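Undergrad:
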Amino acid sequence: QSALTQPPSASGSPGQSVTISCTGTSSDVGGYNYVSWYQQHPGKAPKVMIYEVNKRPSGVPDRFSGSKSGNTASLTVSGLQAEDEADYYCSSYAGSKEVFGGGTKLTVL
Amino acid sequence: QVQLVQSGAEVKEPGASLKVSCKASGYTFTDYYMHWVRQAPGQGLEWMGRINPNSGGTNYAQKFQGRVTMTRDTSISTAYMELSRLRSDDTAVYYCAREKLDWGQGTLVTVSS
Numbered sequence: 001q002s003a004l005t006q007p008p009s010a011s012g013s014p015g016q017s018v019t020i021s022c023t024g025t026s027s028d029v030g031g032y033n034y035v036s037w038y039q040q041h042p043g044k045a046p047k048v049m050i051y052e053v054n055k056r057p058s059g060v061p062d063r064f065s066g067s068k069s070g071n072t073a074s075l076t077v078s079g080l081q082a083e084d085e086a087d088y089y090c091s092s093y094a095g096s097k098e099v100f101g102g103g104t105k106l107t108v109l
Numbered sequence: 001q002v003q004l005v006q007s008g009a010e011v012k013e014p015g016a017s018l019k020v021s022c023k024a025s026g027y028t029f030t031d032y033y034m035h036w037v038r039q040a041p042g043q044g045l046e047w048m049g050r051i052n053p054n055s056g057g058t059n060y061a062q063k064f065q066g067r068v069t070m071t072r073d074t075s076i077s078t079a080y081m082e083l084s085r086l087r088s089d090d091t092a093v094y095y096c097a098r099e100k101l102d103w104g105q106g107t108l109v110t111v112s113s
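Chains as they are written, first to last, in the working numbering: chain A, 1 to 109; chain B, 1 to 113.
1) For serine 75 of chain B, name the three-state secondary structure that DSSP assigns.
2) If you measure from the beta carbon of glutamate 85 of chain A to each beta carbon in chain B, is any gap under 7 angstroms?
3) Quick check: is the beta carbon of glutamate 98 of chain A nearer than 7 angstroms to any beta carbon in chain B?
4) Between which two residues does the beta strand (DSSP E) harbouring phenylalanine 64 of chain A extend?
5) If the criterion is Cβ atoms closer than 7 angstroms, does the pair alanine 73 of chain A and aspartate 28 of chain A meet it?
6) Which residues in chain A sit within 9 angstroms of asparagine 52 of chain B, going by Cβ to Cβ distance?
7) Just reading off the beta strand (DSSP E) that histidine 35 of chain B is part of, what are its end residues?
8) Does the CB of alanine 45 of chain A have a neighbour CB from chain B at under 7 angstroms?
9) Can you find a CB in chain A that lies within less than 7 angstroms of the CB of leucine 101 of chain B?
10) Is it right to say valine 37 of chain B is buried, meaning 16 or more other beta carbons lie within 10 angstroms of its own, or is it exposed?
11) Mind checking whether serine 84 of chain B and serine 17 of chain B have CB atoms under 7 angstroms apart?
12) Excluding the 5 residues flanking proline 53 of chain B on each side, which residues of the same chain have their C-beta closer than 7 angstroms to its C-beta?
13) Considering only the beta carbon of each residue, do aspartate 84 of chain A and lysine 105 of chain A sit closer than 7 angstroms?
14) Straight-line CA distance for glutamate 99 of chain B to serine 36 of chain A?
15) State the beta-bridge partners of leucine 4 of chain B as determined by DSSP.
16) 7 angstroms is my cut-off, CB to CB: does tyrosine 93 of chain A come that close to chain B?
17) Is it true that the stretch 10-30 of chain A meets the stretch 58-71 of chain A, where meeting means three or more beta-carbon pairs spaced less than 8 angstroms apart?
18) Using a Cβ cut-off of 7 angstroms (strictly closer), state whether glycine 103 of chain A contacts chain B.
Structure, rendered in structure tokens:
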């Protein structure tokens, strides 16, 4: 059982927006602004899409955005494209350790 | 650009030990924590621990305490993760990650008799 809770699946049509949630506790998500989101395509290493709740590394499209409210963080993908279909994981700093969510499979219909 | 190059795939017998290396380039090795994360077949990501390459200080996930050792060699900008008393459920891809921002290519470890 993962420390952070994500929905197992999400979907949307091309051009639409989809939001994936990541729920933790005050000891992780709610306690620190160190939530990251990763995209993973089959057989590939994870790629960071968002770090420190809402920061985007260079090269990540601005269609990807992150936010946090209380113990729940969210990743929003706007203007869905076929290449966005992948697994998405959240993680959070939790005081000298890190915790991951169980992952969400995003399907572009 | 940042590169993390990991050692190659390994097959181990139950009870054996494993040591995976992660050679870093493109940045100052001692400036950033190195994390180790694993992913069992068809499963999610699991954090194993991290090492401060500057001090050598480590933090391990409770699950791996007593079985995992993370070290580094600053002279060659390389981090290591050693896992002992391997079991079949340790079969996974093991990743190193610089502050979880840049990731290695992964090392497939198969534990089987």
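Backbone N, C-alpha and C fix where the C-beta goes; we use that ideal spot for every residue, glycine too.
A quick note: this is a predicted structure, and the numbers were derived from the prediction, not measured.
TA: Let's see:
1) Three-state DSSP puts serine 75 of chain B in a helix.
2) Chain B, which has no Cβ nearer than 7 angstroms to the Cβ of glutamate 85 of chain A, makes this no.
3) Judged by the 7 angstroms Cβ criterion, glutamate 98 of chain A is in contact with chain B.
4) That run of the beta strand (DSSP E) goes 64-69.
5) The beta carbons of alanine 73 of chain A and aspartate 28 of chain A sit no closer together than 7 angstroms.
6) Neighbours of asparagine 52 of chain B in chain A, taken as residues whose beta carbon is under 9 angstroms from its own, are absent, since the nearest beta carbon is some 11 angstroms off.
7) 34-39 is the span of the beta strand (DSSP E), which, as asked, contains histidine 35 of chain B.
8) The beta-carbon of alanine 45 of chain A is placed less than 7 angstroms from the nearest beta-carbon of chain B.
9) Using beta-carbon distances, leucine 101 of chain B counts as an interface residue toward chain A, with a partner under 7 angstroms.
10) Valine 37 of chain B is buried by the Cβ-count criterion.
11) With a cutoff of 7 angstroms on beta-carbon distance, serine 84 of chain B and serine 17 of chain B are scored as near each other.
12) Phe29, Thr30, Met34, Arg72, Thr74 and Ala79.
13) Going by C-beta atoms, aspartate 84 of chain A is not nearer than 7 angstroms to lysine 105 of chain A.
14) Taking the straight line joining both Cα atoms gives about 11 angstroms.
15) Leucine 4 of chain B is bridged to B:Ala24.
16) Not closer than 7 angstroms to any Cβ of chain B, the Cβ of tyrosine 93 of chain A fails to qualify, so no.
17) Yes: the two stretches touch, three or more of their Cβ pairs being nearer than 8 angstroms.
18) Yes, its Cβ sits closer than 7 angstroms to a Cβ of chain B.
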